[in-house]
Each structure stands twice: as C-alpha cells, then as structure tokens.
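So the mapping is simple: our numbering equals the position in the sequence shown, first residue as 1, plus 790. Ideal Cβ positions, reconstructed from N, Cα and C, are used throughout, including at glycine. Since this is a predicted model, take the numbers as computed values, not measurements.
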Amino acid sequence: MLLIDAFNVLHLPEAVAVGRSLTVADLVSLLGTSRYAGQAAVLVCDGGGDGSVESPKGKHGRVKLSGVEVVFSGPDSTADDEIEDRLSLGGGSGMTVVSDDRRLRRAASRVRARSLGSGTFLSHLLEPGERSKKRPVPDFARDIPLDKYSMAHWMKEFGLTPGDLLERGGDAAEAPRPPKRAERAAPPARPDPAPKRAAPEAGLGAAKPVLPEQDLEEDPVILAALREWRGRLRLEDLDMARWLEERGREKR
C-alpha cells in the first residue's frame, strides 16, 4: 500500500512543470494510468485538501475516488499525523511512504516500511511510456496494399466509418483527391495494331464479356483509406492489374 503525503508531492517544482499546478484530483488520475495502477493507494491531505476533491463535512474524513482513498486530516491534525497513525496500526508491513519529510521517513523506518522520495514518485507518474500502453499491431497491418479485411479492422479499431473519415477536419480532410482518369497524361502513341480476328460466335469457346471497371478513386472506402494512410498508401498500390503485370514479368 502507498501512503502518499499529497501536499509534499504537489509542492515540488516538477508539479508545475507540466504547464499548470497539479491538484489532488490530478494525482488520483495519474495513479490510475501509471505503474502504480491497481495498487492500493492512500492520498493523505492536510486540512480539507486543495478543493479539487470534495471533502466530507467538517473537513475531516475520507472519500474514495477512482479506487484511490483520499484522506483529509481536518483542522485539528496534519497529514503527517494521519500517516504515522496508519503506520502504527498496520505495523508497516507492505507499506511504502511517499514523502520527503524526514519525520515520516523515520517513522517508516521504525516499523520497517519502505520510503520513496516525492520527486521519484512524481517522475513515475509523469512517465509517458507508463501512461500509454499500446496494444501490439498485428502483422497484417504492416502490409501495403491493405486488403478490405485489413481496412475493416483498422476502421473498427478507431471507431470510424467511411463517412466519418470524409468529414474529418485537419490534414486528412485537406488531402487532395486522386486525379480522375480523364486528367491523367495520355500514353504515348503506339503503332497501329494488327487487324483483329473476327470474334467467335456465341457458344462454346466464345469470349467472356468484359465487365466495366469500377473507378477505385470513387469508392468511399478506398478514399477513406487513402486519406487515413496518406504517404503510406497510394492509389497505384491498389491497382491489381499492375501487380499482376509485375508478377508476370518476374516469372519470365
């Protein structure tokens, strides 16, 4: 169990180096996303605290907030007194006192409890790596081009729909649309091909009808993927004809 001298931590210079002064409520939040998440912790405040966590009537007592116990010493006691009382009652076994106060560190030593400096404790709370544990990325998510199943996975992962991506602001919304086929440079002129053979009559051996090709740049899912992975995914990467042609050259 952590017995934390709350104001001893909050009065450190590092507690205001994050752009504003931290509060008792901030410590509760940071505890839940740090290496101490899930560990029993008691934040002990002098008097009625700093107002960020509502104290009981009479300014003395305790409340539970996000699994963390917040204790208020009230006007007739101090946080040091409250922590020393807890050390005496608990015998110090399994307890760690967080404070730079020499009185509390000596009290912890008497009952063989551990001591942790307030600065070290605060640095643990502010470690970025501890606050953002990311789930491992599946191997298929590193493959480009992405198939429709991979796209569906990532859209579900981020809770997005094609419509959401098209309406988003920022860089994704400002990404230029792929050029229309008509706007692309015309290919160089080729010599007249040999006369085509007459098409066979319908029946056995007749050529299969050619289905019209769907424009990839008009597909909302493709558009969403191109904008979301701009710089990593190109329209050309989704051109299956190009991939088949390159594969054929490799086999020759």
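Query                                                                                                         : Result
Sequence-distant residues of the same chain with beta carbon closer than 6 Å to R1024, five excluded per side : none
Residues bridged to S864 [DSSP beta-bridge criterion]                                                         : Position check: residue 864 holds Gly in this sequence, whereas Ser was assumed. Note: G864 sits in a beta bridge opposite G837.
Environment of L874 [buried if 16+ CB atoms lie within 10 Å]                                                  : Reading off the sequence, residue 874 comes out as Glu, not Leu. Label assigned to E874: buried.
Three CB pairs or more closer than 8 Å across the segment 846-855 and the segment 887-899                     : no
Alpha-carbon spacing of R1017 relative to S824, whole angstroms                                               : 34 Å
Of the residues Y826, A827, V860, the one placed nearest G841, counting alpha carbons only                    : V860
Three-state class that DSSP yields for E844 in the structure shown                                            : coil
P1002 versus G828 - alpha carbon distance                                                                     : Note on P1002: pLDDT 49, under 50, position unreliable in the model; the coordinate value appears next. Near 59 Å, if we compare the C-alpha coordinates of G828 and P1002.
Coarse secondary structure for E859, derived from DSSP in three states                                        : strand
Option in M945, A831, M791, V806 with minimal Cα separation from G881                                         : M791
Spatial distance of F948 from A942 (CA atoms)                                                                 : 10 Å
V887 - containing beta strand (DSSP E), residue span                                                          : 886-888
Own chain residues within Cβ distance below 7 Å of E872, not counting five before or after                    : V834, V861, S863
Assigned secondary structure, S908 (DSSP; H/G/I helix, E/B strand, else coil)                                 : helix
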